[in-house]
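In what follows, a structure is listed as structure tokens, so that the remarks can point back to it.
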Amino acid sequence: SDGDGTMQSSSVQWNEPLVIAVRYLLAMVFIASTVGKVLSPAPFYDFVGALFSPPLGFDPAYLLYFILAAEILIVTFLLFPETARAGAMLSFVFVLAFTILLMFASQREVNVPCGCFGEFLPGGTLDTSILRNLVLLPIAVLAGCPSRILKEQGGST
């Protein structure tokens with residue numbers, strides 16, 4: 509920053525606008541997933557029922573509530589510069605875990621869409637859901653890239 513408190517253009521990294529845009533894109537994906545499952549949880553329940561047969565030893569609604577809470581936390585973290593990297597890391601772990609679960613479901617020949625977005629974005633096959641998640645993983649990594657601007661705004665230590 510120069511003497512009057514403004515940022516010098518030379519301190520802006522080339523990827524800063526991209527990283528911020530990717531964070532918002534990732535947040536929108538999780539918002540769509542949350543809204544989809546809230547408005548139409550049946551596809552999610554169908555997937556859980558098909559994957560875990562015999563049924564889980566607890567009400568699948570608890571699993572849904574946990575996932576919704578995690579998605580809301582991730583979105584909240586992604587939207588604020590101070591917590592954006594934590595949000596990106598959580599989103600990476602979350603998407604990776606679901607990708608592994610989807611691969612497991614595919615191996616078990618589960619023939620029900622994952623219900624990740626409820627009926628908001630009707631899911632195709634498990635393979636398309638796996639592919640979507642494999643695209644989201646590097647996006648989550650990019651969303652967590654450090655930013656010189658965000659460090660400089662916090663002051664020097």
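Everything in the sequence shown is counted per the numbering used here, starting at 509 for the first residue and increasing by one.
Where is the CB? At the ideal position from N, CA and C, for every residue including glycine.
What three-state label does DSSP hand residue i in the structure shown?
i, result
"Met626", "Note that residue 626 is Gly in the sequence shown, not Met. The answer is coil: DSSP assigns Gly626 none of H, G, I, E or B."
"Glu579", "helix"
"Arg593", "helix"
"Arg640", "helix"
"Phe574", "helix"
"Thr665", "In this prediction, Thr665 has a pLDDT of 45, which is less than 50 and means its spatial position is unreliable; nothing more can be read from the coordinates."
"Asp567", "coil"
"Pro646", "helix"
"Thr633", "coil"
According to the neighbour-count rule (16 or more other Cβ atoms, all chains shown, within 10 Å of its Cβ), is residue i buried or exposed?
i, result
"Arg616", "exposed"
"Glu579", "buried"
"Gly595", "buried"
"Thr542", "buried"
"Ala651", "buried"
"Asn619", "exposed"
"Ser664", "At Ser664 the pLDDT is 48, less than 50, meaning the model places this residue with poor confidence and gives no usable figure here."
"Pro525", "exposed"
Ends of the alpha helix (DSSP H) at residue i?
i, result
"Thr542", "524-547"
"Val556", "550-559"
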